[in-house]
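Numbering (the numbering used here), first residue to last: 973 to 1233.
C-beta: ideal position from N, C-alpha, C; glycine also.
Everything on this sheet refers to the single structure shown next.
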Ligand code: NAD
């Protein structure tokens, strides 16, 4: 399927690895010019080089910086001649017990996973509306639909973003070709997932391979999702064909969420 987004410009945040990289790769394969960001320049440049090798690749620019800071956002935005597609992403907050979290810890999570995407949306959405085309995809988490007790910082901050976006997506921008959707990962086979599962297993005195196999067995699909699958859905949400999908939260979790709706 031709998604009709060739030559558009996308800013894909936090994209040197994992889900962000999957989204960037899928957009590049559609002929979208991309600006990718991540904190570490080395991994980011390696990813940019790999993206440039994708058949049909247009321009690929890499901007090293922390997207949760004002400077990081200014640098990322400045690298795009215009932004037709914005994929919001950043590292997730750590797990823990809310009794140990003070205001600073909460503010860090809210900054990274709620206010940073809102700042970036603010920077691009009116220009998108003026041009009559815009696609914003927020990478959040399945925890927005089915909260995970130890991920209270993530549950809270990402639900705040989701609630805000639900209103904005249905505002006047909808009539100007701008859509905003959430893409909610369940368990995807990324560096973060592997590191988290292995560390958890070691802490619990379990064999990491056995723990990973057990986690996969707990998912109806009996496997983790891949960054390629995630990227393909992201690219579709950015397509011309997806123009009537807005304010939605698309859960990709291999069937883990137990509800009918
Ligand atoms: P990952 O660790 O594999 O990759 C994260 C990427 O983000 C890396 O490129 C890293 O350099 C970059 N990054 C992190 N913080 C950044 C920052 N402040 N500024 C710029 N770049 C930054 O992680 P992932 O598994 O791809 O997860 C992406 C997001 O999805 C995270 O918020 C995570 O919590 C969430 N999530 C992931 C899963 C999963 O199963 N992988 C499930 C639910 C939610």
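| Item | Value |
| --- | --- |
| Alpha-carbon spacing of residue 1171 relative to residue 1099, whole angstroms | 44 Å |
| Those residues which DSSP pairs with residue 1152 across a bridge | 1108 |
| Of the listed residues 1001, 1069, 1017, nearest to residue 1008 (C-alpha basis) | 1017 |
| Residue 1059 classed as buried or exposed, judged by whether at least 16 other C-beta atoms fall within 10 angstroms | buried |
| Selection from 1157, 994, 1110 that minimises the alpha carbon distance to residue 1218 | 1110 |
| Element boundaries [beta strand (DSSP E), containing residue 1033] | 1032 to 1036 |
| Proximity winner among 1021, 1042, 1039, relative to residue 1032 (alpha-carbon distances) | 1021 |
| Which of helix, strand or coil DSSP assigns to residue 981 | strand |
| Residue 983: CB within 8 Å of a non-hydrogen atom of the ligand NAD | no |
| 9 Å Cβ cutoff met for residue 1192 and residue 1143 | no |
| The alpha helix (DSSP H) enclosing residue 1077, as first and last residue numbers | 1075 to 1082 |
| Contact test: residue 1017 Cβ vs the ligand NAD heavy atom, cutoff 8 Å | no |
| Cβ neighbour criterion (16 or more within 10 Å) applied to residue 1225 | buried |
| Nearest-angstrom beta carbon gap, residue 1179 and residue 1107 [assumed within contact, 8 Å] | Contact flag wrong, Cβ pair sits at about 43 Å. |
| Check: residue 1111 C-beta below 8 Å from any heavy atom of the ligand NAD | yes |
| Rounded Cβ spacing between residue 997 and residue 1026 (contact assumed at less than 8 Å) | 6 Å |
| Rounded C-alpha distance that separates residue 1019 from residue 989 | 8 Å |
| Of the residues 1160, 1151, 1203, 1168, the one placed nearest residue 1213, counting alpha carbons only | 1151 |
| Under 9 Å between C-beta atoms of residue 1088 and residue 1154 | no |
| Every unbroken alpha helix (DSSP H) inside the stretch 1183 to 1214 [4 residues or more] | 1199 to 1209 |
| Residue interval of the beta strand (DSSP E) (run including residue 1006) | 1005 to 1010 |
| C-beta contact flag for residue 1199 and residue 1160 at 9 Å | yes |
| Proximity test, residue 1094 beta-carbon vs the ligand NAD heavy atom, cut-off 8 Å | no |
| Three-state class that DSSP yields for residue 1157 in the structure shown | strand |
| Near the ligand NAD: residue 1164 beta-carbon under 8 Å from a heavy atom | yes |
| Cα-Cα separation, residue 1210 to residue 982 | 10 Å |
| Residue interval of the alpha helix (DSSP H) (run including residue 1093) | 1088 to 1103 |
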